[in-house]
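Numbering of the sequence shown is given in UniProt numbering, commencing with residue 1 and proceeding in unit increments.
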Amino acid sequence: MAETDIKLRIATIEDLELILSFISQKAEFDGYPNSLEITIDKLRQTLFAQPPLAQVLLAQVNDVAVGFALFSYAYSSFLAQPTLWVGDLYVQPLMRGKGIGTALLQRLAQIAQETNCGRLEWTVANRNNRAIAFYKRHGTQVLDVRLCRVARSAISQLAGRQSDKRLTAFQK
Numbered sequence: 001m002a003e004t005d006i007k008l009r010i011a012t013i014e015d016l017e018l019i020l021s022f023i024s025q026k027a028e029f030d031g032y033p034n035s036l037e038i039t040i041d042k043l044r045q046t047l048f049a050q051p052p053l054a055q056v057l058l059a060q061v062n063d064v065a066v067g068f069a070l071f072s073y074a075y076s077s078f079l080a081q082p083t084l085w086v087g088d089l090y091v092q093p094l095m096r097g098k099g100i101g102t103a104l105l106q107r108l109a110q111i112a113q114e115t116n117c118g119r120l121e122w123t124v125a126n127r128n129n130r131a132i133a134f135y136k137r138h139g140t141q142v143l144d145v146r147l148c149r150v151a152r153s154a155i156s157q158l159a160g161r162q163s164d165k166r167l168t169a170f171q172k
């Protein structure tokens with residue numbers, strides 16, 4: 001299949017079921033199928049809010065969706081510019097190695113340029129050697145950093161702590 005057979009488009013509200021399916025497939029691939037809390041309503045409220053919290057880029061071959069990238073914006077204090085943050089990049093297993101991931105990555109880079117982003121960033125699992133090699137072939141620098149996460153239940157606990165009297169005094 002030639003790369004020209006690949007069509008990319010920004011998802012619309014009519015694609016909610018498809019987006020949910022792709023996110024579920026990615027969670028399964030990543031080994032976290034039981035971690036999903038998404039629903040069609042949650043996706044509608046976040047992806048199609050004004051302004052949207054994130055957007056989805058769909059890859060199609062012969063009018064069939066075969067991959068997606070979910071992206072949003074963060075801010076780099078070091079650059080004083082936005083960063084295009086890729087939350088998910090996924091191509092269905094049987095469609096890998098056909099230029100689809102490259103097409104998605106190239107379009108994300110174009111969007112980053114169009115929106116004056118100083119960086120294009122994402123995470124990749126240490127064990128995903130195929131993806132790491134793919135990203136490196138495209139000029140990506142894979143950093144040795146750790147992702148920190150505070151889960152929703154822990155956010156409430158952290159927000160509710162009153163152990164720092166300086167913070168309490170500041171809030172008054």
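No residue lacks a Cβ here, since even glycine has one placed at the ideal position from N, Cα and C.
Treat the numbers as computed from the prediction; the structure is a model and nothing was measured.
Of the residues the options, the one placed nearest residue i, counting alpha carbons only
{"i": "residue 33", "options": "20, 45 and 40", "result": "20"}
{"i": "residue 74", "options": "112, 62 and 106", "result": "112"}
{"i": "residue 55", "options": "16, 24, 39 and 149", "result": "16"}
{"i": "residue 144", "options": "158, 124, 150 and 133", "result": "124"}
{"i": "residue 96", "options": "126, 127 and 134", "result": "134"}
Proximity of residue i and residue j at Cβ, strictly below 9 Å
{"i": "residue 59", "j": "residue 103", "result": "yes"}
{"i": "residue 57", "j": "residue 8", "result": "yes"}
{"i": "residue 18", "j": "residue 27", "result": "no"}
Span separating the alpha-carbon of residue i from that of residue j
{"i": "residue 48", "j": "residue 13", "result": "7 Å"}
{"i": "residue 30", "j": "residue 138", "result": "22 Å"}
{"i": "residue 146", "j": "residue 64", "result": "36 Å"}
{"i": "residue 152", "j": "residue 142", "result": "28 Å"}
Counted within 10 angstroms of its Cβ, other Cβ atoms place residue i as buried (16 or more) or exposed
{"i": "residue 10", "result": "exposed"}
{"i": "residue 1", "result": "Because residue 1 sits at a pLDDT of 42, beneath the cut-off of 50, its placement in the model cannot be relied upon, and the following sentence gives the value as read from the coordinates. Exposed: under 16 other Cβ atoms inside 10 Å."}
{"i": "residue 23", "result": "buried"}
{"i": "residue 160", "result": "exposed"}
{"i": "residue 43", "result": "buried"}
{"i": "residue 155", "result": "exposed"}
Exercise. Counting pairs of beta carbons, one from the region 75-84 and one from the region 112-120, are three or more of them closer than 8 Å?
Worked result: yes
Exercise. Is the region 59-71 in contact with the region 87-95, if contact means three or more CB pairs nearer than 8 Å?
Worked result: yes
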